[in-house]
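See structure below.
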Amino acid sequence: MRIPVIDNGGQWTHREWRVLKYLDVETEIIPNTTPLADIKADGLVLSGGAASVDVEYEKLGRLGEYFDESTVPILAICVAHQFMGQHFGGKVGKAVTGEFGKTEIVVDDHDEILAGLPSKFNVWESHNDEVKELPGELVRLAHSESCGVEAMRHRSKPFFGVQFHPEVEHTEHGEQVFRNFLASCKK
835 MRIPVIDNGG
845 QWTHREWRVL
855 KYLDVETEII
865 PNTTPLADIK
875 ADGLVLSGGA
885 ASVDVEYEKL
895 GRLGEYFDES
905 TVPILAICVA
915 HQFMGQHFGG
925 KVGKAVTGEF
935 GKTEIVVDDH
945 DEILAGLPSK
955 FNVWESHNDE
965 VKELPGELVR
975 LAHSESCGVE
985 AMRHRSKPFF
995 GVQFHPEVEH
1005 TEHGEQVFRN
1015 FLASCKK
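What follows is the structure in structure tokens.
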């Protein structure tokens, strides 16, 4: 199985790559400016990053193309999660309270990306912006006290977004989030 990590300038992009390697997945880190036609993959992980979706849209390269044209599953992390929300017609903006460090999330729907996980668990966060409103094409899967959309999925495509960082060791069950994503890539 081949799952490249699309680099959006995140501080933990290499950790996403490392988790995939640990799970025996063929992977590499590639720039977010790479045309989809040049990417051979069974799934895509879109890394986090410091860019603001509203202000620094151009730093997010071809993410729109990936969502519009991809036929393989996508796991969007942090800023890529926010981009996904906005791209499909939702609203992204400054969080009332940014989340940094340990945060407890509540699972609203144990959809395939959160399958087998507890109803509440601790994750690692690093964000000032968040998805404020979901469009009709996306479904909320989890929330926290400060953030209304910690995880989501597309209703008809195998696209998933998480605001938190499953690649960081402080996130409980982060490896299982990746395993669940890999299971969706095998379908």
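Residue 876 in my numbering sits at position 42 of the sequence shown, and the numbers go up by one each step.
Glycine is no exception: its CB is placed at the ideal position from the N, C-alpha and C atoms.
Predicted, not measured: the structure shown is a model, and the values here were computed from it.
Pairwise C-alpha distance: residue j and residue i
i, j, result
"T861", "R836", "6 angstroms"
"E984", "E964", "9 angstroms"
"K893", "I911", "15 angstroms"
"A875", "F917", "21 angstroms"
"T1005", "F1015", "16 angstroms"
"V906", "Y891", "23 angstroms"
"D858", "V879", "15 angstroms"
"R987", "F993", "6 angstroms"
"C981", "E946", "21 angstroms"
"L854", "S990", "25 angstroms"
Residue i and residue j closer than 8 angstroms at C-beta
i, j, result
"N962", "K936", "no"
"G877", "C1019", "yes"
"V1002", "W846", "yes"
"Q1010", "G950", "yes"
"K966", "V996", "no"
Continuous alpha helix (DSSP H) stretch holding residue i: start and end
i, result
"G902", "Here residue 902 is Asp; the residue named in the question, Gly, does not match the sequence. Taken as a continuous stretch (DSSP letters only), the alpha helix (DSSP H) holding D902 covers L897 to E903."
"G919", "V913 to H921"
"V853", "T847 to Y856"
Residue i: first and last residue of the uninterrupted beta strand (DSSP E) it sits in
i, result
"S1018", "From DSSP, S1018 is part of no beta strand (DSSP E) but of the alpha helix (DSSP H) over G1008 to C1019."
"V973", "L972 to S978"
"M986", "A985 to H988"
"P865", "I863 to P865"
"L880", "L878 to L880"
"D943", "Premise fails: D943 is in no beta strand (DSSP E) and is neither H nor E."
"D872", "Counting along the chain, D872 falls outside any beta strand (DSSP E), and DSSP gives it neither H nor E."
"V839", "V839 to D841"
Beta-carbon separation (whole angstroms), residue i vs residue j, contact threshold 8 angstroms
i, j, result
"D942", "A976", "6 angstroms"
"N866", "L897", "6 angstroms"
"G924", "L870", "The pair is not a contact, with the Cβ atoms about 22 angstroms apart (cut-off 8 angstroms)."
"D841", "I873", "In fact, because the Cβ distance is near 12 angstroms, the residues do not count as touching under 8 angstroms."
"F998", "V940", "At roughly 12 angstroms, the Cβ-Cβ gap does not stay under 8 angstroms, so F998 and V940 are not in contact."
Residues sharing a beta bridge with residue i, DSSP
i, result
"D963", "K928"
"T937", "V957"
"G995", "A910 and M986"
"E860", "R836"
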